[in-house]
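Working notes, structure below.
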Amino acid sequence: MAGLHRLLALLALALGTVAVSVAEEKAKDADLRRLPCPDPHDISPCVCTADEQHSMDVDCSQVESEDQLARVFSSTIPFPQFHALYIDGNQRLKVLRRGDLGPASFELIHITGGVLEEVQEEALSQSYPTLSHIYIQENNVSRFPFAELPLFTSLVYLQMHTNSLERFPGLDSDTLQQVVLSDNPFGEIPLDGFQRVKNLYSISVSANDVEILLPGTFTDLPHLHYLHLDSNQLTHIPAGAIEFSGKGNLHLQSNSIKSIAIGGITGVNAGHIYLARNSLVVLEEDVFRPFLEGGATLDIDDNPLGCGCDLAWLVTNSYFMALTSPAASCYDGELLASLDPAIYVDLC
Ligand SMILES: *[C@@H]1O[C@H](CO)[C@@H](O)[C@H](O)[C@H]1NC(C)=O
């Protein structure tokens with residue numbers, strides 16, 4: 007009799023445990039299914055989360071194929087207005103196909119660190135009015151519907167660095183403010199490359215094997231404040247190539263720049279010019295003095311400066327020297343800061 011009681015007690019305990027864990031599972035599911043997100047089973051392996059403002063993010067990083075992505079977005083999606091789509095570190099998805107995102111629209115698209123090669127025409131068409139930020143960096147993208155950019159009427163940020171764009175894309179947008187195209191193999195920036203994106207305040211075209219800048223490429227952009235042209239193969243900045251408005255941050259480090267024409271760079275004012283790791287032997291007064299008079303800082307570390315009389319205007323002016331990078335040196339390693347100005351006064 008005592009044995010039976012014990013058995014029954016154990017049984018009750020076991021049943022109780024099962025009941026509790028089932029309830030826990032249900033509670034978890036209920037958590038996930040919270041509206042406005044779709045049913046988690048319908049969109050698996052994508053995961054939807056919503057915040058208190060009902061802003062929904064969907065993470066499809068685990069998606070296994072184009073077809074699976076298409077199935078996810080052809081399921082029942084009661085509220086297709088998502089905030090963000092994330093597909094990060096995915097090693098399967100090569101093409102974002104037209105229609106695969108179904109009725110879903112996004113404000114932010116983040117497809118990074120994967121093997122994406124192509125975004126098809128109209129693949130993002132549901133997001134024409136909503137999309138403000140596109141992050142498709144660190145993939146292998148060689149095809150993207152740049153011709154549709156004018157249709158993205160909220161687009162402010164386009165980041166496509168570290169991809170396989172063989173040709174400079176046609177950029178045409180009244181809203182775009184920031185574009186990052188660094189680390190693509192296109193090699194040339196056409197003269198009109200940025201002339202239909204007048205609202206840009208930041209441009210990054212670093213590490214694109216660019217050898218030549220055409221006069222007028224970075225002018226007539228009334229909001230331009232940041233320009234990254236570092237790690238290219240530039241040797242010369244011609245007159246009228248780069249024009250900032252108000253204040254400029256110009257990254258030209260790690261090129262092979264030997265010369266800058268008078269009027270090659272204008273409008274920097276109290277900004278910053280980075281020219282480290284180039285091939286400057288002389289710093290002509292007519293070119294460089296206007297930068298420092300405008301209050302810009304000048305980073306010229308690691309250039310083979312001859313430190314002859316062409317530097318007299320700089321080393322005899324302590325205000326200009328204070329704006330020059332303290333590690334700037336002559337070809338033989340002598341710091342500019344330790345040159346004796348009296349020599350330049352006496353001999354130049
Ligand atoms: C990148 O895409 C091209 C096709 O555009 C393909 O031939 C190449 O193998 C891809 N590279 C990598 C590293 O996946």
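Residue numbers for the sequence shown follow the numbering used here, so the first one is 7 and each next one is one higher.
Glycine included, each C-beta is placed from N, C-alpha and C at the ideal position.
task: Select from Ser265, Ser260, Leu304 the residue whose C-alpha is nearest the C-alpha of Val274.
output: Leu304
query: Hey, is the stretch 74-83 in contact with the stretch 111-120, meaning 3+ C-beta pairs nearer than 8 Å?
result: no
message: So, with DSSP's three-state summary, where would you put Arg149?
response: strand
- request: Can you check the stretch 255-322 for any alpha helix (DSSP H) of at least 4 residues that lies completely inside it and give the ranges in chain order?
  value: 291-299, 318-321
message: Would you say the beta carbon of Asn146 is closer than 6 Å to some non-hydrogen atom of ligand 1?
response: yes
message: Taking the beta carbon of Thr159 as the centre, do at least 16 other beta carbons fall within 10 Å, making it buried, or is it exposed?
response: exposed
query: Going by other Cβ atoms of all chains shown within 10 Å of its Cβ, with 16 needed for buried, is Val248 buried or exposed?
result: According to the sequence provided, residue 248 is Ile. The question's Val does not apply to it. By the 10 Å Cβ count, Ile248 comes out buried.
field: Beta-carbon spacing of Gln165, Tyr141 below 7 Å
entry: yes
field: Integer-rounded CB distance, given that Val211 should sit under 8 Å from Ser188
entry: 6 Å
query: CB of Glu72 to nearest heavy atom of ligand 1: below 6 Å?
result: no
- request: Just the C-alpha distance for Pro310 and Glu340, rounded to the nearest angstrom, thanks.
  value: 11 Å
field: Spatial distance of Tyr232 from Thr223 (CA atoms)
entry: 14 Å
Option nearest Ala90 by Cα separation, candidates Gly300, Asp57, Arg103, Asp73: Asp57
message: Quick check on Asp352: buried or exposed, where buried means 16 or more other Cβ atoms within 10 Å of its Cβ?
response: exposed
Nearest-angstrom beta carbon gap, Leu130 and Leu99 [assumed within contact, 8 Å]: About 14 Å; that fails the 8 Å criterion.
query: Are Ala276 and Gly301 touching if we call contact CB-CB under 7 Å?
result: yes
query: Per DSSP, Cys336 is paired with what?
result: Leu311
field: Cut-off 7 Å between Cβ atoms - residues of its own chain near Gln59, not counting five sequence neighbours on either side
entry: none
message: Just checking Glu172 against ligand 1 - is the residue's beta carbon closer than 6 Å to any of the ligand's heavy atoms?
response: no
- prompt: Buried or exposed: which applies to Ser344, given that a residue is buried once 16 or more other Cβ atoms fall within 10 Å of its Cβ?
  reply: exposed
field: Pair within 7 Å by beta-carbon distance, Ser67 and Asp48
entry: no
query: For ligand 1, is there a heavy atom less than 6 Å away from the beta-carbon of Phe128?
result: Going by the sequence as given, residue 128 is Glu instead of Phe. Every heavy atom of ligand 1 is 6 Å or more from the Cβ of Glu128, so no.
- prompt: Should Leu227 and Leu258 be called a contact, given that it needs their Cβ atoms to be closer than 7 Å?
  reply: no
- request: Identify, in the order they occur along the chain, each residue of the same chain with its Cβ nearer than 8 Å to the Cβ of Val287, setting aside the five sequence neighbours on each side.
  value: Lys264, Asn309, Pro310, Leu311, Gly312, Tyr337
task: Can you tell me which of Val203, Asp215, Thr181, Asp73 puts its alpha carbon nearest to the alpha carbon of Ile195?
output: Asp215
- prompt: Name the DSSP bridge partner or partners of Met62?
  reply: Ala56
Phe152 versus Asn145 - alpha carbon distance: 17 Å
query: Beta carbon of Leu1, beta carbon of Asp106: below 7 Å?
result: The chain is shown only over 7 to 354; residue 1 falls outside these bounds and no answer can be derived.
query: Going by beta carbon distance, what residues of the same chain come within less than 7 Å of Thr322, once the five residues before and after it are set aside?
result: Pro347, Tyr350, Val351
For Val186, the nearest candidate out of Asp198, Val162, Leu197 (CA to CA): Val162
field: Ile93 - DSSP class collapsed to helix/strand/coil
entry: strand
query: Can you tell me where the alpha helix (DSSP H) with His47 in it begins and where it stops?
result: 46-49
field: Other residues of its chain near Leu298: CB distance less than 6 Å, five sequence neighbours each side excluded
entry: Phe326, Leu329
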